[in-house]
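Down below is the structure, laid out as structure tokens.
There are 2 protein chains.
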Amino acid sequence: MDAHTPVLLYLAEKGALYRPFQSSTAKMGNDLKISQQSVSRKLREMEGEGLLHRTATPQGIRVTISEKGRQFLRHTYIRLKEVFGARLVLKGTLVTGLGEGRYYMSLGGYRKQFQSKLGFTPYEGTLNLHVDAAERTHLLQGLEMIHIDGFDTKSRTFGGIQCYPVSINGIKGAVMIPERTGHDAHVLECIAPIHLRSRLRLKDGDLITITGD
Amino acid sequence: MDAHTPVLLYLAEKGALYRPFQSSTAKMGNDLKISQQSVSRKLREMEGEGLLHRTATPQGIRVTISEKGRQFLRHTYIRLKEVFGARLVLKGTLVTGLGEGRYYMSLGGYRKQFQSKLGFTPYEGTLNLHVDAAERTHLLQGLEMIHIDGFDTKSRTFGGIQCYPVSINGIKGAVMIPERTGHDAHVLECIAPIHLRSRLRLKDGDLITITGD
DNA sequence: ATTACTAACAGGCGAGTAA
DNA sequence: TTTACTCGCCTGTTAGTAA
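Protein sequence lines, in the order shown, are assigned to chains S and X.
Each number in my numbering corresponds to the 1-based position in the first sequence with 3 added.
Each number in my numbering corresponds to the 1-based position in the second sequence with 3 added.
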């Protein structure tokens, strides 16, 4: 029931969670780097444990993950989510930035990438939070990094930006870290599609909750 | 490198992702339902593979997951997230409900549980969406269900409520399904800590995006 | 009390092959 | 072509025990 996780996850990725997946034990063995025989055996065992439904024919095999199998996968998903998601809450107090962020956000070379990579075009300005430096590291280490490439203009070079998808008091946005700038480890610079300060009616010193997505 | 997942996940849950975890091979074996000897061997193997750091003394053992180990866990987390998270977007149009939801949300017997189980106290009212019935099923099947227990008063009995954590146009909230009520498969009843209709400036017929969390 | 070695055993694995 | 059975081989597991 434990060594079956890789096979079950593979089947789920192939779409067998809700629909039958048509394949052959040889192909699956090739994908999973195990023998055709092992795939055959494992699928039969897993069927015996009620993790999936299986129809074998001389033309191949057809597999659907059962409710029990879905529950098993979802359970390990939720365990992992708690591990990587549990620490992903960070509280900070609102501070006023230097206006640098606003300038960065106004540049077309970045804005296009924000839309395509983050899924939104940020409001031209950043929300700056004062946070604990260690907690900040924890939060960011646990998140998927989205890289915004730098670019050159006639007059100067703009460096890359590291972004991490987060929610700011429940509003989806991102943390933004310019790569070349020396950065204060106590500051977290946030962007969002809307003007957070007015929409959430925030003022300096207010407590903000950042949640990793 | 594959049979090690359960042990690594266990260690992560015990906090060994970023801090040393102090325990003994016997205790861990008890938790993992394997022998003390197997724990000892597996930890040594995993150290050999660079998945963790290990310090063994006659007083016990101290384990920290390495960067490689974190990456491995994170990778399976992301694979699972794609499997369960990919379908978890649902669009619907805003409709006006019957006011039943508002009544339910006002009851103290439910409200206390909302705070402790969902992490917020809902605004007294629900946002009702008209959605595709099949998509609705897909969304909810892929989400963790949070159960709000029913309760009795002198005059009547109130049934349980099934909740699913979601974001409504980016605002964190939940889908709410009363268990006893016969429910229209085309309707999705949403709750959130704020009054979504006014905060998001919504009117009937507006397109809303629901995202599973 | 610990960790971890040894040894015997159980079970997983895949090449060969039948159906 | 398929699936899946048999059968050696080898890895993983654990009881006993040393350190």
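Ideal placement from N, C-alpha and C gives every residue a C-beta, glycine not left out.
Among the options, the one whose alpha carbon lies nearest that of residue i
{"i": "I151 (chain X)", "options": "X:N33, X:L110, X:P181, X:I164", "result": "X:I164"}
{"i": "I220 (chain S)", "options": "S:L199, S:P181, S:A6, S:L14", "result": "With chain S running from 4 to 216 in the structure shown, residue 220 (chain S) is simply not present."}
{"i": "L55 (chain S)", "options": "S:L35, S:I213, S:P23", "result": "S:P23"}
{"i": "V190 (chain S)", "options": "S:E16, S:D135, S:A59", "result": "S:D135"}
{"i": "H7 (chain S)", "options": "S:S43, S:G18, S:S27", "result": "S:S43"}
{"i": "T214 (chain X)", "options": "X:K206, X:R202, X:F87", "result": "X:F87"}
{"i": "C166 (chain X)", "options": "X:T156, X:I149, X:K157", "result": "X:I149"}
{"i": "L143 (chain X)", "options": "X:H133, X:Q118, X:T156, X:V169", "result": "X:V169"}
{"i": "E16 (chain S)", "options": "S:L35, S:D5, S:L205", "result": "S:L35"}
{"i": "S27 (chain X)", "options": "X:D5, X:P61, X:S201, X:P9", "result": "X:P61"}
{"i": "L199 (chain S)", "options": "S:G128, S:L146, S:M179", "result": "S:G128"}
{"i": "C193 (chain X)", "options": "X:L132, X:L20, X:Q25", "result": "X:L132"}
{"i": "Y21 (chain X)", "options": "S:L203, S:G145, S:Q118", "result": "S:G145"}
Chain-order list of residues whose beta-carbon lies under 7 Å from that of residue i (same chain, five-residue window excluded)
{"i": "F154 (chain X)", "result": "G112, F161"}
{"i": "R183 (chain S)", "result": "G162"}
{"i": "G72 (chain S)", "result": "L11, L54, L55"}
{"i": "K45 (chain X)", "result": "H7, V10"}
{"i": "L76 (chain X)", "result": "L11, L12, A15"}
{"i": "R114 (chain X)", "result": "T124"}
Cβ neighbours of residue i in the same chain (closer than 8 Å, five flanking residues each side left out)
{"i": "A195 (chain X)", "result": "F123, P125, Y126, L130, I171, I174, K175, G176, A177"}
{"i": "R139 (chain X)", "result": "L93, A188, H189, L191"}
{"i": "S69 (chain X)", "result": "G53, L54, L55, H56"}
{"i": "D209 (chain S)", "result": "T96, L97"}
{"i": "P9 (chain S)", "result": "L35"}
{"i": "E147 (chain S)", "result": "Y167, P168"}
{"i": "A19 (chain X)", "result": "L55, V66, T67, I68"}
Assigned secondary structure, residue i (DSSP; H/G/I helix, E/B strand, else coil)
{"i": "R82 (chain S)", "result": "helix"}
{"i": "G72 (chain S)", "result": "helix"}
{"i": "T99 (chain X)", "result": "coil"}
{"i": "A19 (chain X)", "result": "coil"}
{"i": "G88 (chain X)", "result": "helix"}
{"i": "R57 (chain X)", "result": "strand"}
{"i": "K36 (chain S)", "result": "coil"}
{"i": "K45 (chain S)", "result": "helix"}
{"i": "G215 (chain X)", "result": "strand"}
{"i": "L205 (chain X)", "result": "coil"}
Contacting residues, own chain, Cβ-Cβ under 6 Å from residue i (five flanking each side not counted)
{"i": "G32 (chain S)", "result": "S38, Q39, V42"}
{"i": "K157 (chain S)", "result": "none"}
{"i": "L205 (chain S)", "result": "L97"}
{"i": "T58 (chain S)", "result": "R65"}
{"i": "R47 (chain S)", "result": "none"}
Three or more C-beta pairs below 8 Å linking the stretch 166-178 of chain S and the stretch 162-177 of chain X: yes
The stretch 97-107 of chain S / the stretch 100-107 of chain X touching (three or more Cβ pairs under 8 Å): no
Secondary structure, alpha helix (DSSP H): runs of 4+ residues fully inside the stretch 110-197 of chain X: 111-116, 136-144
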